[in-house]
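Written out below as structure tokens is the structure these notes cover.
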Amino acid sequence: IPSNGSAALLRREQEAYDRHQAAIAEARAQKDLAQASDNKEAYANAVARLRSVTGVMLQDISRLRHETAVAKAPHVAEHVLNILEDNDGYKVIVFCHHKDVVDLLMDKLKAYRPVKVTGDVSMTARQAAVDAFQNDPGVQVFVGNIQAAGVGLTLTASSHVVFAELDWVPGNVSQAEDRAHRIGQHE
Numbered sequence: 000i001p002s003n004g005s006a007a008l009l010r011r012e013q014e015a016y017d018r019h020q021a022a023i024a025e026a027r028a029q030k031d032l033a034q035a036s037d038n039k040e041a042y043a044n045a046v047a048r049l050r051s052v053t054g055v056m057l058q059d060i061s062r063l064r065h066e067t068a069v070a071k072a073p074h075v076a077e078h079v080l081n082i083l084e085d086n087d088g089y090k091v092i093v094f095c096h097h098k099d100v101v102d103l104l105m106d107k108l109k110a111y112r113p114v115k116v117t118g119d120v121s122m123t124a125r126q127a128a129v130d131a132f133q134n135d136p137g138v139q140v141f142v143g144n145i146q147a148a149g150v151g152l153t154l155t156a157s158s159h160v161v162f163a164e165l166d167w168v169p170g171n172v173s174q175a176e177d178r179a180h181r182i183g184q185h186e
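Quick note: the sequence shown, position 52, residue 51 per my numbering, numbers continuous.
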């Protein structure tokens with residue numbers, strides 16, 4: 000994607016990761032020393048510090064990943080628009096992690112009557128979105144949250160899947176991709 004600040008965000012994410020890894024390594028070393036000394040109080044304190052440092056890292060990296068996803072979303076929308084404009088009647092599935100990224104994409108792709116499935120969509124509305132995507136030629140985009148829409152749905156109206164963001168767990172990404180690769184898929 001073109002440089003629009005995303006490269007700086009990715010660099011900040013890597014720097015934060017490196018900084019946190021150093022803090023985690025130090026906390027682990029303290030825990031190991033406390034464990035070797037057989038001092039139960041020092042060991043408990045070292046374990047608590049390790050948990051704290053790890054939790055702070057997860058929060059920091061999550062925040063930076065979210066900022067990066069928001070910065071990339073307009074380019075993801077442009078990519079999907081290019082696919083749809085170049086292929087008349089084509090349908091595309093887009094998966095995201097954050098709800099505000101889903102909403103941003105829904106807005107940018109509204110000319111193609113997108114439907115969405117996130118964790119706050121009721122089961123009835125979820126099925127209606129799937130049915131519209133599968134059966135209505137005018138509904139050309141399905142935008143879903145990886146966690147909420149990545150399992151149990153059949154989206155074989157499209158063989159093209161775009162990930163605006165990736166999940167922390169690679170298996171969740173594979174499961175989401177498989178929504179298009181199910182019985183009934185001919186492409």
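Cβ coordinates follow ideal geometry from the N, Cα and C atoms, glycine included.
Residue i and residue j look like a contact to me (Cβ under 8 Å); what is the Cβ gap, rounded to whole Å?
i   : j    : result
A26 : V55  : About 11 Å separates the two Cβ atoms, so there is no contact after all.
D59 : A15  : 5 Å
V79 : L108 : 6 Å
Going by DSSP in three states, residue i sits in which element: helix, strand or coil?
i    : result
G170 : helix
V161 : strand
K115 : strand
N81  : helix
N44  : helix
V142 : strand
V150 : coil
V120 : coil
So, at 6 Å on beta carbons, what are the nonlocal neighbours of residue i in its own chain, with the 5 sequence-adjacent residues on each side left out?
i    : result
F132 : V114, V138, F141 and A156
E176 : V160
N171 : I145 and G149
M105 : P113, K115 and V142
R48  : A26
A147 : V116, T117 and G118
Less than 7 Å separating the beta-carbons of residue i and residue j?
i    : j    : result
R181 : T153 : yes
C95  : E164 : yes
K30  : A45  : yes
I82  : V91  : yes
A72  : V100 : yes
S158 : A179 : yes
Leaving out the 5 sequence neighbours to the left and right, which residues in its chain are closer than 8 Å to residue i when beta-carbon positions are compared?
i    : result
D17  : none
N134 : A156
Y89  : I82, L83, Q139, S157 and H159
Looking only at its chain, what residues have a beta carbon closer than 7 Å to the beta carbon of residue i, apart from the 5 residues adjacent to it on each side?
i    : result
D166 : H96, I145 and V172
Quiz item: Would you call the stretch 97 to 117 and the stretch 132 to 147 in contact, with 3 or more CB pairs under 8 Å?
Solution: yes
Quiz item: Would you call the stretch 56 to 64 and the stretch 5 to 17 touching, i.e. three or more CB-CB distances under 8 Å?
Solution: yes
Quiz item: Is there contact between the stretch 31 to 38 and the stretch 65 to 80, where contact requires at least three CB pairs shorter than 8 Å?
Solution: no
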